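Contents: one structure, followed by commentary.
Residue numbers (the numbering used here), protein chains in the order written: chain Y, -13 to 136; chain C, -13 to 136; chain G, -13 to 136.
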């Protein structure tokens, strides 16, 4: 999250990193295949939602463990991304901040809306950019309940 | 909607296709001139909102027929686009998915909010990229009523 | 706000101008340092929120005067930007329109949500693109109160 001039980030990288976050959100919203989510992360990735009171897990097994009950509990998801900002870039790694409006509706009818920020650290791999760390925080107070994501 | 690597899409095309969707949304939101909407579509375009329970029409006459009562009924529109993803590209045609939060307020005071996805097939023309097909689906259950768009 | 073809705007400029708006929104949302907001504007910038019933001020002193009570009153801010459109560009100056969903929660517990459009005129400076004029209007009727921003 160190502040380096974003001009250091080639446009191709910037857009590919945005695409990674969009792919992550779409995999979360499809509620169909956790492998699609894992594919956005390196094998050793830290997945840290402690900033919003949820899990802090490591690696694909940890990510799978987090999303298994989420996918079982949720009927609908929508994660809108905007305000992308590359905050660090050294050619092989980068950090990006984005705003998210995350909406969920549980099979039990209870809903949640999160207004916050995503922070991704990413690394260039042979399969494109992958996240090595993911964290988020709130911009606005939570509306509804995150019970279905616990 | 076939999945080809988006790296195949030059940045210029990708941004021009995003601009087309933004121009469409802005024309819808201005509620001023249906020609501005038609200008986003080829003459033979399929405009298919059956995925959210609305019209499935063809061509500029069909699009005009759909929007004439909408423009008469609606007092306010706002269509926020995000999460753009090029899902196919062969140089002359492409497919793009985007997220939309679409809000409307009728002259009768009744409102609607749609959280969904846009799917555009687009074609390069002498006048820039134009949509040949437009469809959408829901991410979240509808809030309010679409009566003013029928 | 004159309509010139956006193809005249190099991709580097377009993205840098988007970054300026994102930086402005993030400075507003951090509620931490008004200097970060002023840094987005030229010394002679016109900051005009009369379109939504708020201030019309000039220069860094005017901007500081506007945000001093806002920062004192607000507990949370979130300004989501999307639908960027370069509407003019001549190499040294440009105009951009963006959609905004602006949310605020006062320390008094009263909230506000604004659905509108940002209009920025920007100028290339030795320190990158800076705003020379900023205005906005509503897309949807206001929800809540702007009292905490007065």
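All C-beta atoms in this analysis are idealised placements derived from N, C-alpha and C, irrespective of residue type, glycine included. In this text, all values refer to a predicted model and were calculated from it rather than measured experimentally.
Min CB distance residue i to chain G below 8 Å
{"i": "residue 126 of chain Y", "result": "yes"}
{"i": "residue 61 of chain Y", "result": "no"}
{"i": "residue 196 of chain Y", "result": "The structure shown does not extend to residue 196 of chain Y, since chain Y is modelled only from -13 through 136, so no value can be given for it."}
{"i": "residue 71 of chain Y", "result": "yes"}
{"i": "residue 66 of chain C", "result": "yes"}
{"i": "residue 8 of chain C", "result": "yes"}
{"i": "residue 122 of chain C", "result": "no"}
{"i": "residue 105 of chain Y", "result": "no"}
{"i": "residue 87 of chain Y", "result": "yes"}
{"i": "residue 20 of chain C", "result": "no"}
{"i": "residue -6 of chain Y", "result": "no"}
Short CB-CB distance (under 8 Å) between residue i and chain Y
{"i": "residue 101 of chain C", "result": "yes"}
{"i": "residue -11 of chain C", "result": "Legend: pLDDT at residue -11 of chain C = 46, less than 50; position of this residue unreliable, value from coordinates given subsequently. It does not; no Cβ of chain Y falls within 8 Å."}
{"i": "residue 38 of chain C", "result": "no"}
{"i": "residue 15 of chain G", "result": "yes"}
{"i": "residue 134 of chain C", "result": "no"}
{"i": "residue 118 of chain G", "result": "no"}
Identified DSSP bridge partners for residue i
{"i": "residue 99 of chain G", "result": "G/89 and G/129"}
{"i": "residue 80 of chain G", "result": "G/75 and G/108"}
{"i": "residue 137 of chain Y", "result": "Outside the shown range of chain Y, which is -13 to 136, sits residue 137 of chain Y, and nothing can be said about it."}
{"i": "residue 34 of chain Y", "result": "Y/42 and Y/121"}
{"i": "residue 62 of chain Y", "result": "Y/91"}
{"i": "residue 67 of chain G", "result": "G/86"}
8 Å Cβ cutoff met for residue i and residue j
{"i": "residue 67 of chain Y", "j": "residue 112 of chain Y", "result": "no"}
{"i": "residue 2 of chain Y", "j": "residue 115 of chain Y", "result": "yes"}
{"i": "residue 5 of chain G", "j": "residue 71 of chain Y", "result": "yes"}
{"i": "residue 135 of chain G", "j": "residue 56 of chain G", "result": "yes"}
{"i": "residue 91 of chain G", "j": "residue 127 of chain Y", "result": "yes"}
Classification of residue i by the beta-carbon crowding that lies within 10 angstroms, buried from 16 upward
{"i": "residue 129 of chain Y", "result": "exposed"}
{"i": "residue 87 of chain G", "result": "buried"}
{"i": "residue -11 of chain C", "result": "With a pLDDT of 46 at residue -11 of chain C, under the threshold of 50, the modelled position of that residue is not reliable, and no figure is offered here."}
{"i": "residue 9 of chain G", "result": "buried"}
{"i": "residue -13 of chain C", "result": "With a pLDDT of only 37 at residue -13 of chain C, under 50, the local geometry of the prediction cannot be trusted, and the value read off the model is given with reservation. Classification of residue -13 of chain C: exposed, given that the 10 Å Cβ count is below 16."}
{"i": "residue 84 of chain G", "result": "buried"}
{"i": "residue 93 of chain C", "result": "exposed"}
{"i": "residue 107 of chain G", "result": "buried"}
{"i": "residue 103 of chain G", "result": "buried"}
{"i": "residue 95 of chain Y", "result": "exposed"}
{"i": "residue 19 of chain C", "result": "exposed"}
{"i": "residue 0 of chain Y", "result": "buried"}
{"i": "residue 98 of chain G", "result": "buried"}
{"i": "residue 28 of chain C", "result": "buried"}
{"i": "residue 58 of chain Y", "result": "exposed"}
{"i": "residue 117 of chain Y", "result": "buried"}
{"i": "residue 155 of chain C", "result": "No statement about residue 155 of chain C is possible, as the shown extent of chain C runs from -13 to 136 and does not include it."}
{"i": "residue 47 of chain G", "result": "exposed"}
Residue-chain proximity (residue i, chain C), Cβ-Cβ < 8 Å
{"i": "residue 46 of chain Y", "result": "no"}
{"i": "residue 31 of chain Y", "result": "no"}
{"i": "residue 3 of chain G", "result": "no"}
{"i": "residue 11 of chain Y", "result": "yes"}
{"i": "residue 49 of chain G", "result": "no"}
{"i": "residue 23 of chain G", "result": "no"}
{"i": "residue -1 of chain Y", "result": "no"}
{"i": "residue 112 of chain Y", "result": "no"}
Q.
When you compare the region -7 to 1 of chain C with the region 18 to 36 of chain Y, are there three or more beta-carbon pairs, one atom per stretch, that lie closer than 8 Å?
A. Taking 8 Å as the limit for Cβ pairs, the verdict is that the region 18 to 36 of chain Y does not touch the region -7 to 1 of chain C.
Q) Does the region 57 to 64 of chain C come close enough to the region 72 to 82 of chain C that 3 or more CB-CB pairs lie under 8 Å? A) Taking a cut-off of 8 Å for Cβ pairs, the region 72 to 82 of chain C and the region 57 to 64 of chain C do not touch, as fewer than three such pairs fall below it.
**Q.** Meets three-Cβ-pair contact criterion under 8 Å: the region 37 to 46 of chain G and the region 106 to 126 of chain G
**A.** yes
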